[in-house]
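**Student:** In our numbering, the protein residues as written are 4 to 320. Heads up, the beta-carbon is just placed ideally off N, CA and C, and yes, glycines get one too.
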Amino acid sequence: LFFAVCAFTLLSFEQEKEAAAASLLSEHPLFPPMIWPADNRPNDMRIALGEKLFFDPILSRDSSVACGHCHFPDNAFSDTIALSIGFHGRSGMRNAPPLQNLAWRHNFFHDGGIRKLELQVFAPLFDSAEMAFQPIELEERLNRHPTYPKQFQQAYGRDPDFFGLVRALAAFERSLISPESDFDRWLSGEESALSEKAKRGMALFYSQQTACGSCHSGIFLSDDRFYNNGLANGNEDVGRYRITRLATDSAKFRTPSLRQLRLTAPYMHDGSLASLEEVIEHYDRGGGEDPLKDKRIRPLNLTEGEKDELLAFLKVL
């Protein structure tokens, strides 16, 4: 009975820690409950370990590049340049996306090639243009570190290895939740949260004329699906085709969330559009000449006033 009581007490304590962490991470009033993997339940030690690893260049081959070098907190954890610079000054393949609200995402990367956050972490660690490390060498380095062995034991009950590494990073990334926006406050009934100009822009955004809301839908302003938006791409990036090998998926990319949009320039999968004004112009002229672009990408014939109203709405997201 004594051991049973001790076990129950320990279990209750662990559940309380998880509940406290989950409560802390799910404070946005309009977001659905957060779902965590059974093998990576949240607690403060796991999130703290992941945060430390995220900003530590020890994870790169020459200890020069950290995750945080391409995902800046002040920019919704996105980069400020079109293509990030990694190991030995090498340029990445695509624009570094913002890392917010990943706990509710069903696929990762611009082409949706990974369907679990813990697996996503492997790509930047081993990519020759990003951190360019080797698994055994990285584990050995972490085990020689003065504090990581203790932190891994506290967080996952084991010495530093890839089981704990990818889960700690994923735990931290799931904790990155966008704050309540002016648009959220308007949705909650605060009529004065949006200016009249932003309201007119919202009407345009959700109108049949622009059809922006047909892809940028739901509370996260993304349907998590893949489209060819007619963007001219000098890099000849085939997008979703790399994953499915279906010709119809050529140059299709995941619909990005528009939350904290004004902080995440430059835009598009290749970072080729420097401002929101350029994004609006791209869609207003109907994109490029790609024959596979989505049928909704067509000239919009917006007036300068309408473009200004649409911009005002995008800035409150």
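Round the Cβ separation of Arg265 and Lys318 to the nearest angstrom and send it over; I've been treating them as touching at under 8 Å.
**Tutor:** Indeed they touch by this definition, with Cβ atoms about 5 Å apart.
**Student:** Does the Cβ of Lys255 have 16 or more other Cβ atoms within 10 Å, making it buried, or fewer, making it exposed?
**Tutor:** Residue burial is scored here from C-beta neighbours: Lys255 has at least 16 other C-beta atoms within 10 angstroms and is therefore classed as buried.
**Student:** Run the CB neighbour count on Ile38, radius 10 Å, all protein chains shown included, and call it buried at 16 or more, exposed below.
**Tutor:** exposed
**Student:** Within the continuous alpha helix (DSSP H) that includes Pro138, where are the two ends?
**Tutor:** Element bounds for Pro138: Pro138 to Arg147.
**Student:** Starting from Pro259 and walking both ways along the alpha helix (DSSP H), at which residues does that stretch end?
**Tutor:** First-last for Pro259: undefined, no H or E at that position.
**Student:** Just checking, does the region 75 to 95 make contact with the region 132 to 140 on the three C-beta pairs under 8 Å criterion?
**Tutor:** yes
**Student:** Could you tell me which residues DSSP pairs with Ser81 in its beta bridges?
**Tutor:** Under DSSP, Ser81 shares a beta bridge with Phe75.
**Student:** Quick check on DSSP: helix, strand or coil for Arg170?
**Tutor:** helix
**Student:** Could you check whether Ala69 and Asp82 sit closer than 7 Å to each other, using their CB atoms as the reference points?
**Tutor:** no
**Student:** Using the three-state DSSP reduction, which class does Gly204 fall into: helix, strand or coil?
**Tutor:** helix
**Student:** Quickly, what does DSSP pair Ser94 with across the bridge? List them, please.
**Tutor:** Ile88
**Student:** Using a Cβ-Cβ cut-off of 8 Å (strictly less than) and excluding sequence neighbours within five positions of Arg245, which residues of its own chain qualify?
**Tutor:** Within the same chain, Arg245 has close Cβ partners Asp114 and Gly116.
**Student:** Check whether the region 155 to 170 touches the region 37 to 52, counting contact only when three or more Cβ pairs, one atom from each stretch, lie closer than 8 Å.
**Tutor:** Taking 8 Å as the limit for Cβ pairs, the verdict is that the region 37 to 52 does touch the region 155 to 170.
**Student:** In whole angstroms, give me the CA-to-CA distance for Ser275 and Tyr286.
**Tutor:** 14 Å
**Student:** Can you name the start and end residues of the alpha helix (DSSP H) that Ala126 belongs to?
**Tutor:** For Ala126, the enclosing alpha helix (DSSP H) has its first and last residue at Phe125 to Phe129.
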